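> Take a look at this one; I'll ask things after.
Residue numbers (our numbering): 4 to 242.
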């Protein structure tokens, strides 16, 4: 009897099972379908896909007879759980990195990001534009670089060469300055080599390194006491 199956159904699955049946009984759904855990004699649980439909009703339109199937989908559920665990692990690794990381499809659309990327997007007011999942990466890069019109074409060419398999990875030869918050970033594009041809983009914050580089240049070319050009810099300019 149906109640014998229901008695063996996991308590967490009963509500959606009963709702699916009710929707069908009251004509809101052409059939009922439910995935539920069934308790076995040895104390283990099997995942079962239950489908059913009313095949006849009484004169006052109440359910009279049903047919249905029970299919063991335990292995399918175990595979789904393993994939979910793997995806959670991958996301946890991404989120632990300080670099801003996004996964793109072969057309440059953002399909996954890490916590650092998302925080940067939120902090700079780009959450409703191209910065989050579903947005276009090159549009985001254009928003970040502002008036610097050289960066986007260079990165676009780099992505195309990575997708085409012409290079193992692409790295912008020099950092770019984000006009949004005056930070310097190094860009690297790496292919995933899967059937979907996904791409990993990372933005590494190199602001401190760039500041140190600029400070070194200033120290080498400007006299700290007088502010005048150093002798070496003067001769270089003179030549």
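Note that CB positions come from ideal geometry on N, CA and C, so glycine has one too. No experiment lies behind these values; they were computed from the predicted model shown.
In this structure, does DSSP put residue 76 in helix, strand or coil?
Position 73 of the chain shown, counted from the first residue, corresponds to residue 76. Three-state DSSP puts residue 76 in coil, outside helix and strand.
> Could you spell out where the beta strand (DSSP E) holding residue 56 opens and where it closes?
In the chain shown, counting from the first residue as 1, residue 56 sits at position 53. Here the beta strand (DSSP E) through residue 56 covers 48–60.
> Which value, in whole angstroms, describes the spacing of the CA atoms of residue 101 and residue 158?
For the purposes of this step, residue 101 is taken as residue 98 along the chain shown, with counting starting at 1. For the purposes of this step, residue 158 is taken as residue 155 along the chain shown, with counting starting at 1. About 21 Å.
> As a quick exercise: from 151, 200, 240, pick the residue whose alpha carbon is nearest that of residue 3.
No statement about residue 3 is possible, as the shown extent of the chain runs from 4 to 242 and does not include it.
> Using a 10 Å radius around the Cβ and a threshold of 16 neighbouring Cβ atoms, would you call residue 161 buried or exposed?
For this step, residue 161 is matched to residue 158 along the chain shown. Classification of residue 161: buried, given that the 10 Å Cβ count is 16 or more.
> Using the Cα positions of residue 140 and residue 235, report the straight-line distance between them to the nearest angstrom.
Sequence index remark: in the chain shown, residue 140 carries index 137 (1-based). Sequence index remark: in the chain shown, residue 235 carries index 232 (1-based). Approximately 43 Å between the Cα atoms of the pair.
> With a threshold of 16 other CB atoms inside 10 Å of the CB of residue 107, please say whether the residue is buried or exposed.
The residue labelled residue 107 in the question sits at position 104 within the chain shown. Label assigned to residue 107: buried.
> Under 8 Å by Cβ, that's how I've got residue 232 and residue 224 pegged, so tell me the actual separation to the nearest angstrom.
Taking the chain shown and counting its residues from 1, the one referred to as residue 232 is at position 229. Taking the chain shown and counting its residues from 1, the one referred to as residue 224 is at position 221. Confirmed, about 7 Å.
> Hey, quick one: how far does the alpha helix (DSSP H) through residue 151 stretch, first residue to last?
Taking the first residue of the chain shown as 1, we reach residue 151 at position 148. Here residue 151 belongs to no alpha helix (DSSP H), and DSSP marks it neither H nor E.
> Considering just the uninterrupted stretch of the beta strand (DSSP E) at residue 113, what are its terminal residues?
Position 110 of the chain shown holds residue 113. Here the beta strand (DSSP E) through residue 113 covers 113–116.
> Within 10 angstroms of the Cβ of residue 92, are there 16 or more other Cβ atoms? Answer buried if so, exposed if not.
Taking the first residue of the chain shown as 1, we reach residue 92 at position 89. With fewer than 16 other Cβ atoms within 10 Å, it is exposed.
> Measuring CB atoms only, is the segment 168–175 touching the segment 72–84, in the sense that at least three cross pairs come out at less than 8 Å?
They do not touch, by the three-pair rule.
> Taking only the alpha-carbon atoms, compute the straight-line gap between residue 120 and residue 65 and give it to the nearest angstrom.
Translated into positions along the chain shown, residue 120 becomes position 117. Translated into positions along the chain shown, residue 65 becomes position 62. Residue 120 and residue 65: Cα-Cα distance of roughly 56 Å.
> In terms of residue numbering, what span does the alpha helix (DSSP H) encompassing residue 23 cover?
Looking up residue 23 in the chain shown gives position 20. Looking at the DSSP string, the run of the alpha helix (DSSP H) that includes residue 23 is 14–28.
> Output the boundary residues of the alpha helix (DSSP H) element that contains residue 241.
As a first step, residue 241 must be located in the chain shown, where it is residue number 238. Unbroken alpha helix (DSSP H) run through residue 241: 234–241.
> Please identify the residue among 182, 178, 214, 206 whose C-alpha is closest to the C-alpha of residue 105.
Position 102 of the chain shown, counted from the start, is the residue given in the question as residue 105. Minimum Cα distance to residue 105 is reached at 206.
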